[in-house]
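Protein chains in written order, with numbering that gives the first Met the number 0: chain G, 0 to 284; chain H, 0 to 778; chain X, 0 to 166.
Virtual Cβ for every residue (Gly too), placed ideally from N, Cα, C.
On a predicted model such as this, the values are computed, not experimentally measured, just so you know.
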Amino acid sequence: MQPFKLFLPESFEEAIGLMKEHGAKPISGGTAVTTLIKEKIFQPTVMVNLRKLEKDHAFIVEEKGQIKIGALTTLRAIETSDIVRKNHPVVSDCLSKIASIRIRNVATIGGNLAHADPDLDLPPVLAGLDAHIDIIGEEGERSMDIKEFIQGYYETDLKEGELIKSISIPIIPDRKGIYLKHRALSEADWPCVGVAAFIDDSPGSVPRVFINSVADTPIMQVEGVEDAFSEGITTESIDKVGELAANQCEPIGDARGSVWYKRKMAGEFTIRALREITGVGDSLI
Amino acid sequence: MSTQIPIIEQDKKVEKSGTIGRHTLRLDGESKVTGTVAYTDDLPFEGYYAEVIRSNIPHGEIISISTEAAEAIPGVVAVVTGDDLKNADWISPYVGPAFRDQPVLAIEKVRYVGEPVAAVIAERPDIASLAATEVVVECNKLRSVTDVNRARKKTAPILHESGDSAAVFEDLATVHRSEEPNVAYTYELKVGDIEKGFEDADVVLEGEYATPMVQHTHLEPFVTVASYNVSNNSFKIITGNQTPHFVRREIARIFDIPSSKVEVEVPQMGGAFGSRTYVRIEPLVAALSRVVEAPVKLRQTSSESFDTSVRDGTQTRVKTGVTNDGDVIAQEVEVIWDSGAYADISPRKVKKAGYTAPGAYDIPNVKVVSKSTYTNKPPGVAYRGFGVAQTAWAVESHMDDVAKEIGMDPVELRIRNITQDGGTYNGVPIEPHGAPQCLQAVIDEVDWFGSELKPEEPKRSHIKKGRGVAVTLKATITPSTSEAIVLLDCDGSVNVITGGTEVGQGIITTLAQITADGLGIGIEYINVNTPNTNSAPFNTSTTSSRSTFHLGNAILRAIDELKGQLIDIVVEKQGIESKEVTVEGGLVKSPLGEESIGSVVSSYFVGGGGTLIGKGYFSTEASSGDRYASAFWMTGATYAEVSVDTRTGKYTIDKWVNSADCGKAIDPIRCEGQILGAAVQALGHTMSEEMVFESGQQVNKSLLDYKVPAIGDVPKVSKVIVVESGDPNGPHGAKGVGESNTVTVPPAIGNAIQNACGARVTELPITPDKVLKAIEEGI
Amino acid sequence: MMDNYIEATRHEIKFILNGEECVIEIPANLTLVELLRQELRLIGTTEGCGVGVCGCCTVLIDGKVVASCLELAVNVDGKVVLTIEGLADTYQDSEFHPLQDSFREYEGFQCGYCTPGMLMASKALLDQNRDPSDDDIREFLSENICRCTGYDSIIEAVKSAAKEMNA
C-alpha cells in the first residue's frame with residue numbers, strides 16, 4: 000500500500016474534527032477500504048482510523064423497544080448476539096451468509112452500511128425491519144430510515160464530516176422475515192441476487208419485498224405488492240409479485256448472471272421468499 | 000583404513016524396500032505445517048523493489064512514457080521502459096519458447112491490457128507502488144481484436160508481423176507462422192479417409208463447444224529476485240519456476256553470456272499448475288537488476304497473475320460419423336485456440352492436444368485442424384491438462400450427444416469405441432495406457448448398468464437428477480530429458496540432486512521413496528534438493544506430470560551406476576568376481592561377508608570423507624512426426640451425479656467418482672491427492688471460472704470476483720480410485736497422474752446436467768444462467 | 000516534487016505476539032501480514048490474494064480469525080496475536096499441535112501456501128467446537144482457499160485432530 004498519514008481519534012467528535020481538518024475519509028473495519036487502496040482505486044493521503052472508537056461504540060443493547068447497535072460493532076458480533084438472534088433471527092441468518100468469518104470478525108456495521116455497495120446482503124433485511132441509521136456530525140445528531148439513507152450507487156445521505164454512530168432496529172415480535180441469497184458461481188460469493196421478504200402476523204398485513212444486486216442500491220423495494228395481493232395471498236398472486244420484482248429491477252449483467260437471468264432470479268426468489276413467509280404453496284427452497 | 004565418521008547402521012532402522020506403494024510422510028511436511036518452509040518471498044533479501052506499470056488499452060502504439068514525476072519521488076532509484084531495453088546493447092529483449100515474439104517490456108506497441116510497459120525500482124515496496132501511479136503512458140490506440148474468428152479475417156488488425164521459431168525444442172524446431180491472419184501456428188492431422196468415413200456412417204452429427212480463458216490462480220503470486228553481479232557479468236535468479244533450466248538458457252541468451260554465468264535457484268512454490276513455465280517475469284527482473292546493478296525483487300499481486308499467464312480459450316467444432324450400432328467411424332475436429340497476444344508454448348499445445356482431440360477413442364478416419372490464434376488478450380500458456388481439457392470438453396460432450404442421437408447408452412458408446420490397451424489410436428499402435436480400466440473403475444463403482452437414480456418426490460418436481468461420465472487420454476511432453484545425480488556419503492546417507500521442482504505435487508518425497516527403495520535404506524537418510532542450476536543437472540521441465548516417470552527413471556539409472564561402483568570397490572578389495580557381489584538392503588554382500596554401503600565408501604577414500612557419485616540420464620525418444628506421440632499416456636475418468644433446480648438453473652453435484660491411472664502408486668495417498676486436486680480445480684472451470692472481458696479489459700481480475708472452488712463447493716460424496724495398470728517403461732511401473740481429472744470433470748458434469756433436464760450447455764463455465772436458458776430454449 | 004507524495008505517519012504499538020510482548024514503531028500503511036513478514040521476519044504467514052478472500056494470511060487476534068492482509072498493523076495495538084509460529088505452543092507441551100500432525104498424516108496440504116492460514120482457522124474452530132461435523136468445518140473454512148488438495152483431506156485432518164484432542 001502506498002504511504003498515507005493516519006489519525007487514531009478516540010471519540011466521534013475528535014474523528015469528525017480530523018476528517019474536516021484534513022479532508023480525510025474514515026476507515027473502520029477496513030475490509031473494503033483497504034482492498035480499494037491496494038487496488039489503487041482509492042489513493043488517500045490522509046485517513047482517519049475509527050478503530051479506537053470500538054471501546055465505546057461496539058455494543059448491542061435492547062432499549063426502548065429497539066435493538067441499538069454501535070457503529071463499530073463487528074458483523075460477527077451481531078450475528079452471534081443473543082439479543083439479535085432472539086428478536087430477529089433473520090438478521091443473524093443473513094449475516095452468517097456474508098463473506099467469511101474472518102471478514103465478519105473485523106468488518107463493522109457502520110462501515111458496511113456507509114459503503115453502500117449495491118451487492119450488500121444486510122440492507123434489504125434492515126429495510127424490512129424499518130431500521131434507522133443514527134448519524135453524528137458537527138451540527139449534532141440525526142436519524143433516518145435506512146431506505147432513505149442509502150441513496151444510490153455507493154452513495155449515502157452522509158454529508159462531509161458525518162459518520163454513522165449507531166443503528167436502531169425496532170423489535171417487532173410479530174414480524175416474520177426471510178433472506179434468500181442466491182449464489183451463482185460459488186458457495187463463497189457475493190449474491191447474484193438476494194431477496195428479503197417480511198410479513199406481519201396481523202390481519203390484512205401485506206408482505207414487503209426488498210432485493211439487492213439488481214439496482215443501483217442494495218435496497219430495491221418491490222412496488223405494487225398491495226394491489227397484487229388485494230384478493231388474497233395465493234400461489235397465483237405470489238407469482239404476480241414475482242413478475243413485478245422481475246420487471247422493476249434494473250440489474251447489470253456480469254459473471255454472476257446476465258440481465259435476463261438476474262431479472263428472472265429476482266422474480267423466482269421473490270416467489271420463494273413469499274412462499275416461505277406466507278406458508279402458501281410448496282416450499283421451493 | 001578407518002575414519003572417525005560415524006557410519007549409519009543401516010540394518011537396524013531400515014524399512015527394507017518398504018517405501019514403494021506405501022504412504023510416506025512428506026519430507027517437506029514438517030516445514031509446511033510449521034510455516035518454516037521458504038517460498039521465494041520468504042528468503043532474506045536486501046536490495047530494491049520493483050513494480051510494473053501496465054497497459055490499459057488492448058492495442059496501441061506507444062507515443063511516450065513520462066517518468067519524471069515518478070523519478071522525483073524520494074526513494075525511487077530508476078524507471079525502466081521498453082525503449083531503454085530496445086536501445087541497450089546488453090540485451091536482446093524478446094523471449095518465448097516457440098517464437099521469440101514477446102518483449103520483456105512492451106516495445107513500440109502494446110498488445111493487451113495488462114502488458115508490462117515500464118517498471119519502477121525503489122528502495123521500498125510502498126514507494127514503488129506510489130511511484131508506479133505517477134508514470135504516464137501515452138498511446139495511439141489501434142484497432143483491437145479479442146475474438147478468434149474476427150482475428151482470422153483479412154480485415155483484422157495484425158498483432159505480429161513476423162515470427163521465427165526459437166528453435167529450442169526439437170518438436171518445435173520446424174514450427175512456422177501460418178499464412179492466415181493472426182494464426183500463430185496450424186496443426187493438421189489426417190487419418191484414413193475422412194470423406195468416405197462420413198459417407199459410410201448411418202448418422203452424422205455436428206456440434207460446437209467453447210471454453211473461456213481461465214487463470215491458474217496459484218495462491219503464491221509471481222515473485223522473482225534477480226541479482227546482477229557487475230564484476231563478472233553474471234546473474235543469480237531466485238524464482239518460483241517449473242523450468243529452471245529453460246530460464247537459465249533464456250537469460251543467458253538474451254544477455255549473451257554463457258549459461259554457466261546464470262544461476263537459477265527455485266525454492267518451494269505455492270502452486271504452479273503450468274503457470275510458472277518457460278519464462279514469466281524472470282527476464283524483466285534480471286534486466287532491472289542489470290540496470291541498477293543491484294538485487295531487485297518483484298513481487299506481483301495475485302491480480303497481476305491474470306496479466307501474466309492464462310489458459311487459452313477455445314472454440315471447437317466436432318463432426319462425428321457413427322453407425323447405427325454405435326461404431327464411431329469418422330470424426331473431424333477443428334479447434335481454434337485463443338492464445339492471446341503472445342504465443343508462448345501454444346504451438347506445442349495446439350499439436351499435442353490436437354493429436355488427442357478425438358478423445359480416448361480408436362476411430363479409423365480422423366481429421367484434426369488445430370490453430371493457435373493471436374488476440375489482444377493476455378498470453379495463453381501451459382495449464383494442467385495442456386489443452387486436452389479444452390478439446391475433451393468438446394468431444395466428451397459430443398459423445399453424449401451422439402449417443403442420444405442413435406439411442407444408445409453413453410457409457411456403452413464409450414466402451415464400444417475406446418482405444419484398447421495395446422490397440423491402435425489415430426491409426427497407429429499405442430502403448431498400454433489404462434483408459435478402459437479407468438472407465439470400467441467408475442462404472443463398476445456406481446453400478447452404472449444396474450442402477451438408476453431415484454427421482455425427487457413430486458412436491459419437489461422442479462429438482463431433476465441426472466448422471467454423466469467422461470474419459471480421457473492425454474499425452475505427456477515428448478521428447479524430453481531428465482538427469483539425476485545421487486551422492487552417497489561415506490556415512491551411508493544420500494543426497495539426490497535433480498532439476499525437478501517442488502510445486503506441491505510431492506516430488507521431493509516421491510524421489511526419496513524411489514531412492515530409498517533402490518538402495519534399500521531408510522528414507523530418513525535421504526535428502527532431495529530443491530534445484531539450483533549451478534549444481535542440478537538438466538531437467539526439461541516439471542510439467543506434464545512427467546517427473547515421477549522421467550526423474551524416477553534417471554534416479555534408478557544413477558543408482559545402478561552407484562551400485563556398480565560399490566561392487567567394483569568390493570571386488571577390488573576382496574579380489575573376487577563382480578557377479579558374486581550384490582547391493583541390497585543398504586548392504587554390499589559378497590561371499591566373504593557383508594558391509595554397509597557407507598562403510599564401503601568410507602573404506603575407499605582418505606582425508607576425512609568421500610562421496611560416491613552415481614549419475615543417470617534419461618531421455619524419451621525424439622519425436623518423428625506425430626506418430627510417436629507420448630512417453631506415457633495419462634488416462635482417467637469421472638462420474639458425476641447432479642441435481643438441477645430447473646427454476647434457477649443451479650445444480651449441485653450430489654456425488655462424484657474420479658479415477659486415474661498412475662501405473663503404479665509410489666504413494667497411494669499422494670496419488671489420491673493429485674486426482675482429487677485435479678478434479679476440484681476442474682470443478683472451478685466447470686462451475687464458475689471465466690476471465691470476463693469488456694472491450695479487451697478483464698473485469699473480474701481478482702479473487703473477489705473470479706471465483707475458484709471453495710470448500711463448500713466440493714461434492715460431499717466423493718470417491719477416488721487409483722488405477723494401477725503398470726506402465727512398461729515407468730519406474731516400478733509408475734507414470735504421471737496429475738492431469739487426467741482436470742480433463743474429465745467438466746464434460747462429466749455437463750453430461751449429467753443434460754441427462755437430468757435435457758439442457759446441453761456448450762460453453763464453459765456451466766453457470767446457472769446458461770443452464771436455465773438452455774432449459775427454457777429446449778436445447 | 001509531486002503533490003501527493005507523503006511520508007506515512009509512524010506509530011508505536013505494543014501487543015502480545017505468540018505469547019511474548021512486542022513493542023515496535025511502524026508506518027501507518029503497513030498491513031499486519033507485512034509487519035509479521037517484513038519487520039518481524041515471521042515468514043510462516045503467507046499473503047495470497049491480498050484482498051481477504053483466500054485465507055492464506057489468516058491469523059488469530061484475541062482468538063478470532065482475521066485476514067492479516069486487510070488489517071492495518073496499527074490496529075493490533077493492545078491485542079493478542081497468534082500466528083502459525085505460535086500454534087504448537089498453545090497445545091500442552093508437545094512439539095506440534097495435533098492439527099499439524101493430522102495435516103501431515105492426511106496430506107491436508109500439497110504446496111503448503113494456504114496451510115498456515117488453514118491451520119489457524121482450524122484452530123479457531125476447534126477452540127469453539129471440540130467435535131465439529133463435516134458441515135461445521137465447511138462453514139468455518141468457507142473462504143480458506145486451497146488450490147491443490149480438493150479439500151477432502153483437510154476435512155479429514157481437522158476431524159482427526161479433534162478426535163486426538165478429545166482423547
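- Within chain X, the residues placing a beta-carbon under 7 Å from that of residue 104/G are 63, 64 and 65, ordered along the chain.
- Sequence-distant Cβ neighbours of residue 90/X in its own chain, meaning closer than 7 Å and more than five residues away, are 96 and 97.
- In its chain, beyond the 5 residues on either side, 455, 642, 643, 644 and 645 have a beta carbon closer than 8 Å to the beta carbon of residue 462/H.
- In this chain, the beta strand (DSSP E) harbouring residue 14/X covers 9 to 16.
- Partner residues in the beta bridge of residue 486/H, as assigned by DSSP, are 494/H and 612/H.
- Close to chain H, meaning a Cβ-Cβ distance shorter than 7 Å, is no residue of the region 16 to 34 of chain G at all.
- Sorting 729/H, 689/H, 261/H and 719/H by C-alpha distance to the C-alpha of residue 214/H places 689/H at the top.
- Bridge pairing for residue 594/H: 587/H [DSSP].
- Partner residues in a beta bridge of residue 388/H, as assigned by DSSP, do not exist.
- No Cβ-Cβ contact shorter than 8 Å links residue 183/G with residue 271/G.
- Among the residues facing chain G, residue 699/H is included, as its CB has a counterpart in that chain under 8 Å away.
- Burial check for residue 591/H: the Cβ neighbour count within 10 Å stays below 16, so the residue is exposed.
- A distance below 8 Å separates the beta carbons of residue 522/H and residue 23/H.
- Within chain G, no residue has its beta carbon less than 9 Å from that of residue 220/H; the closest one is some 13 Å off.
- Shown here, residue 69/X sits in coil according to DSSP, grouped into three states, outside any helix or strand.
- Short of 8 Å from the beta carbon of residue 124/X, and not among the five residues preceding or following it, lie these beta carbons of its own chain, in chain order: 131, 135, 136, 139, 140 and 157.
- Annotated three-state conformation of residue 1/G is coil, per DSSP.
- Under a criterion of Cβ atoms nearer than 9 Å, the residues of chain H adjacent to residue 143/X are, in order, 709 and 710.
- DSSP places residue 97/H outside any beta strand (DSSP E), giving it a letter other than H or E.
- Any Cβ of chain X closer than 8 Å to the Cβ of residue 669/H would place that residue at the interface, and such an atom is present.
- Of 77/H, 161/H and 233/H, the smallest CA-CA separation from residue 130/H is found for 77/H.
- Taking a contact to require three or more Cβ pairs closer than 8 Å, the region 74 to 89 of chain H and the region 59 to 66 of chain H qualify as touching.
- With contacts defined as CB atoms closer than 8 Å, residue 25/H and residue 103/X qualify as a contacting pair.
- Counting only runs that start and end inside the region 695 to 763 of chain H, the beta strand (DSSP E) elements of at least 3 residues fall at 716 to 722.
- Per DSSP, reduced to three states, the secondary structure at residue 369/H is strand.
- Closer than 8 Å to the CB of residue 73/X there is at least one CB belonging to chain G.
- In the structure shown, residue 667/H adopts helical secondary structure according to DSSP, grouped into three states.
- Listed by position along chain H, the residues whose Cβ is nearer than 7 Å to that of residue 50/X are 701, 702 and 703.
- The beta carbon of residue 223/H is closer than 6 Å to those of 238, 280, 281, 284 and 297 in its chain, skipping five residues each way along the sequence.
- For residue 56/X, there are no C-beta contacts with chain H under 8 Å, since the nearest C-beta of that chain is about 10 Å from it.
- Secondary structure of residue 89/H (DSSP, three-state): coil.
- Residue 27/X reaches chain G at 3, 4 and 5, counting residues in chain order whose Cβ is nearer than 7 Å.
- In this structure, residue 227/H and residue 123/H do not form a Cβ contact; the two beta carbons are roughly 20 Å apart against a cut-off of 8 Å.
- For the options 292/H, 549/H, 27/H and 368/H, the alpha carbon positioned closest to that of residue 231/H is the one of 292/H.
- Taking a 10 Å sphere around the C-beta of residue 153/G, we find fewer than 16 other C-beta atoms and assign the residue as exposed.
- For residue 118/X, the nearest CB of chain H lies under 8 Å from its own CB, placing it at the interface with that chain.
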